[in-house]
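Position one of the sequence shown corresponds to residue 0 (numbering that gives the first Met the number 0), numbered consecutively onward.
Inspection log for the structure reproduced underneath, given as structure tokens.
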Amino acid sequence: MAVRLIVGITAAPGRGAELAQLYKARCLEIAKEPGCEQFEVFQSVVNPDRLAILERWIDPAALDVHSKVNATRAPLPAELRVGTTEREDYTDNRTR
Numbered sequence: 000m001a002v003r004l005i006v007g008i009t010a011a012p013g014r015g016a017e018l019a020q021l022y023k024a025r026c027l028e029i030a031k032e033p034g035c036e037q038f039e040v041f042q043s044v045v046n047p048d049r050l051a052i053l054e055r056w057i058d059p060a061a062l063d064v065h066s067k068v069n070a071t072r073a074p075l076p077a078e079l080r081v082g083t084t085e086r087e088d089y090t091d092n093r094t095r
């Protein structure tokens, strides 16, 4: 069963566009991983310093492999973020 992740990230004040650009490059790389059906970053139109990453993996095993690979990537600059990342995992039961 597919797994959907919604990851919320808050950029440092006024740094949302910069952080979104760095995530955009990372998203293109991650989207090529086996089992990845979606990995995209979105920037809020209401609060430009608020980002959301939408992920969809074909199954939990693919997400586990991604998590291991992702742990080896260099972190994005800490000064571009505030607070903690909020992650919610869902089973993906598409209706269309």
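Note that CB positions come from ideal geometry on N, CA and C, so glycine has one too.
query                                                                                                                                                            : result
Using three-state DSSP, classify residue 88 as helix, strand or coil.                                                                                            : strand
Please list the segments of the alpha helix (DSSP H) lying wholly inside the region 2 to 43, counting only runs of 4 or more residues, in order along the chain. : 15 to 29
Pick out whichever of 18, 0, 35 and 49 has its Cα sitting closest to the Cα of residue 68.                                                                       : 35
Name the residue from 60, 92 and 82 whose alpha carbon lies nearest to the alpha carbon of residue 7.                                                            : 82
With burial defined as no fewer than 16 other Cβ atoms inside 10 Å of the residue's Cβ, what is the status of residue 63: buried or exposed?                     : exposed
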